[in-house]
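Numbering (our numbering), first residue to last: 2 to 212. Cβ atoms here follow ideal geometry from the backbone N, Cα and C, with glycine treated the same way.
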Ligand SMILES: [Zn+2]
């Protein structure tokens, strides 16, 4: 006899349910389109006025565990600052590199006009102010720092958004929290090329919702 369960549906990591808690996926939006951005690669731009508070699009992609994402991006060039991974919670990430939608092209912006919201273990992009047609969408990526970040991580994820309030980085916290490492001499750093085979370096940086 089947027992009725009143528990809220939850996404298991490593599973891509089509039945979503909280309603259908917001796959695309008539409010925006993807085109080349001056800031970084492709960007997402408003094509119509977007009112503050509008839920614009959902951040979609493969739902995987952190471990699975590590494995998936093992060979990823750590100097590449494109990142499609978004942290949902401790167990789950969304990898927009696989089955992702236009939301993955929304660039980081320090002077954000959008923010990422997590609801029912889903990630949504909402307007936090009125946005005019032609304006590029952006939110603060708040990419988490890891112990095993490459020494040039601040260079890789430097922000050049051009805003007056630019905080200079897509990383969070902005400054390295631990005591700074001593500068390595050129000779040494040349010898110590980063190796990617051990899987020790966390492959593929992750965006996360604001705090
Ligand atoms: Zn910036």
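With DSSP run on the structure shown, which of helix, strand or coil describes residue i?
i           : result
residue 207 : strand
residue 70  : helix
residue 191 : With a pLDDT of only 41 at residue 191, under 50, the local geometry of the prediction cannot be trusted, and the value read off the model is given with reservation. Note: residue 191 maps to helix in three-state DSSP.
residue 168 : coil
residue 103 : helix
residue 155 : helix
residue 145 : strand
residue 117 : strand
residue 34  : strand
residue 85  : coil
residue 55  : coil
Checking 8 Å against the spacing of the C-beta atoms, do residue i and residue j come in under that value?
i           : j           : result
residue 35  : residue 87  : no
residue 103 : residue 114 : no
residue 77  : residue 205 : yes
residue 126 : residue 58  : yes
residue 64  : residue 93  : yes
residue 210 : residue 112 : no
residue 60  : residue 97  : yes
Should residue i go down as buried or exposed, given a rule of 16 or more other Cβ atoms within 10 Å for buried?
i           : result
residue 24  : exposed
residue 28  : exposed
residue 164 : exposed
residue 208 : buried
residue 62  : buried
residue 177 : exposed
residue 146 : buried
For residue i and residue j, what's the separation of their Cα atoms in angstroms?
i           : j           : result
residue 156 : residue 52  : 35 Å
residue 149 : residue 89  : 21 Å
residue 1   : residue 22  : Nothing in the structure corresponds to residue 1, since the chain is present only between 2 and 212.
residue 167 : residue 159 : 10 Å
residue 121 : residue 140 : 20 Å
residue 67  : residue 123 : 16 Å
residue 200 : residue 44  : Reliability of the predicted coordinates at residue 200 is poor, the pLDDT of 35 falling under 50, and the value obtained from them is presented with this limitation in mind. So the alpha carbons of these two residues sit roughly 31 Å apart.
residue 72  : residue 170 : 26 Å
residue 138 : residue 80  : 24 Å
residue 95  : residue 153 : 25 Å
residue 162 : residue 38  : 11 Å
residue 100 : residue 26  : 13 Å
residue 116 : residue 142 : 9 Å
residue 130 : residue 30  : 17 Å
Kindly indicate which residue of the options has the alpha-carbon position closest to the one of residue i.
i           : options            : result
residue 173 : 207, 208 and 144   : 144
residue 134 : 68, 50 and 30      : 50
residue 91  : 98, 85, 69 and 101 : 69
residue 32  : 142, 38 and 55     : 55
residue 41  : 82, 30 and 26      : 82
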